[in-house]
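Chemist: The structure is given below, and queries will be raised subsequently.
2 protein chains.
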Amino acid sequence: MIKLSTKGRYGTRLMLNLARHYKNDQQAVILKSVAEDEAISIRYLEQIVIPLKINHLVKSIRGAGGGYMLARKPSEIRVCDILQALEGSCSLVECVEDETFCDKIKTCGTYEIWKAATELLKNYFDRITLQDILEISDKKLAAAKKKSKAK
Amino acid sequence: MIKLSTKGRYGTRLMLNLARHYKNDQQAVILKSVAEDEAISIRYLEQIVIPLKINHLVKSIRGAGGGYMLARKPSEIRVCDILQALEGSCSLVECVEDETFCDKIKTCGTYEIWKAATELLKNYFDRITLQDILEISDKKLAAAKKKSKAK
DNA sequence: AATATTTCAACATAATTTTATAGGTTTTAT
DNA sequence: ATAAAACCTATAAAATTATGTTGAAATATT
């Protein structure tokens, strides 16, 4: 499949959830709360948050009163950063990132197609930040609210 | 991962291989030959070719002298058709194609992002045909040949 | 016409990766 | 001390990837 992995999807939702709690004097958000909000197993989120931390996209505070928070402003975290952290890359095929992955690159007829498609995706995910998603999301929710009020 | 599955990659290469043998009075190409050309296990190709046949992208002839051939002209087979046959869709996330996949679509902040990215991909794969890949591939091989001749 | 060969077709199984759950340990605030 | 939370390791379940084995159909050969 060309499907985004659950890591990528859940991880982005986790990051968006943290972004919603982002303020100048950030408070840590516990994974349990994210797990409930997003209906994702807390155990699985624990695994997903590890690479996000390693790649300095989130910070953690241990112990009671601890939790996780964004390492920087939502406007400074791109979707591409998240996917890169969780999946090692934003690319559709391994060979585009790692020339040694397949020794037929030089003659492969499909290589340029996957490469071009990867560029399309990468360009898109490169310019969308958590801030952008927050705004899109807020508009969407406001519109849905208005609609439900109307009837 | 956002990775294309092996089915999608191998299947496209299989189709491109058949396209290379396409003439008006087509001769069937045996899977063994494709397997050798592409360095993919015959057994696996046999599994991959089934959905391609079901979706009328290839035709098969049984018995000695048999094999597989494109069901129509390379210019009339789009990458999207191939991916659709092999993976059920061209989309990055299930929920874009199947509204019942997740019940949080109405409030999901990331939905629009995956949807927009899927549109980008789909538009691209929708307008690339096997004929296009053949031409890109031929140019590439010609250039590589010229280069090796030069030194 | 009978036989052998070639090829697709179908089914079963193994290996690997992804997805998910479970249990325990360490750190910190109260 | 206790409870809350991140952190760590192991394992189970499911899906993907890949191989193996046998069968069926069409063709070529004798």
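So the protein lines, in turn, are chains W and B. Letter by letter, the first sequence follows residues 1 to 151 in the working numbering. Letter by letter, the second sequence follows residues 1001 to 1151 in the working numbering. Just so it is clear, CB atoms sit at the ideal spot from N, CA and C, and this is done for glycine as well. In this text, all values refer to a predicted model and were calculated from it rather than measured experimentally.
Apart from the five residues just before and just after S1089 (chain B), which ones in its own chain have a Cβ nearer than 7 Å to its Cβ?
Modeler: E1097
Chemist: Report the option in W:C80, W:Y44 and W:K147 whose CA atom is closest to the CA atom of K32 (chain W).
Modeler: W:Y44
Chemist: Taking the runs of the alpha helix (DSSP H) that are 4 residues or longer, which of them lie wholly in the segment 82-147 of chain W?
Modeler: 94-97 and 111-127
Chemist: On the three-pair Cβ rule with 8 Å, is the segment 1104-1119 of chain B touching the segment 1050-1060 of chain B?
Modeler: no
Chemist: Between the segment 114-131 of chain W and chain B, which residues of the former have CB atoms less than 8 Å from a CB of the latter, in chain order?
Modeler: Answer in chain order: W114, A116, A117, L120, L121, Y124, F125 and I128.
Chemist: Relative to the C-alpha of A28 (chain W), which residue among W:I40, W:E38 and W:M15 is closest?
Modeler: W:M15
Chemist: Across which residues does DSSP place S60 (chain W) in a beta bridge pair?
Modeler: W:Y68
Chemist: Does any residue of chain B have a CB that is nearer than 8 Å to the CB of E36 (chain W)?
Modeler: no
Chemist: Buried or exposed, going by whether 16 or more other CB atoms sit within 10 Å of the CB of S1148 (chain B)?
Modeler: Counting other Cβ atoms within 10 Å of its Cβ, S1148 (chain B) stays below 16 and is therefore classed as exposed.
Chemist: Are any of the Cβ atoms in chain W nearer than 8 Å to that of L1083 (chain B)?
Modeler: yes
Chemist: By the 8 Å beta-carbon criterion, what residues does the segment 1011-1024 of chain B contribute toward chain W?
Modeler: T1012, R1013 and L1016
Chemist: Any Cβ of chain B within less than 8 Å of the Cβ of T172 (chain W)?
Modeler: This structure does not reach residue 172 (chain W), given that chain W is present from 1 up to 151, and the question cannot be answered.
Chemist: Just the chain W side, please: which residues come within less than 9 Å of C1090 (chain B) by C-beta, in chain order?
Modeler: At a C-beta separation below 9 Å, C1090 (chain B) has these neighbours in chain W: I2.
Chemist: Within 8 Å of any Cβ in chain B, is that where the Cβ of K146 (chain W) sits?
Modeler: no
Chemist: To the nearest angstrom, how far is it from the Cα of L18 (chain W) to the Cα of Y68 (chain W)?
Modeler: 8 Å
Chemist: From this set, B:K1073, B:L1086, B:G1065 and B:K1122, which residue's C-alpha is nearest I1048 (chain B)'s C-alpha?
Modeler: B:L1086
Chemist: If we define contact as Cβ-Cβ less than 8 Å, is K1140 (chain B) a contact residue for chain W?
Modeler: yes
Chemist: Are the CB atoms of Q1026 (chain B) and P1074 (chain B) within a distance shorter than 8 Å?
Modeler: no
Chemist: Going by alpha carbons, who is nearest to D1037 (chain B) out of W:A143, W:I128, W:K104 and W:R127?
Modeler: W:K104
Chemist: Is there a Cβ from chain B that is less than 8 Å from the Cβ of T6 (chain W)?
Modeler: no
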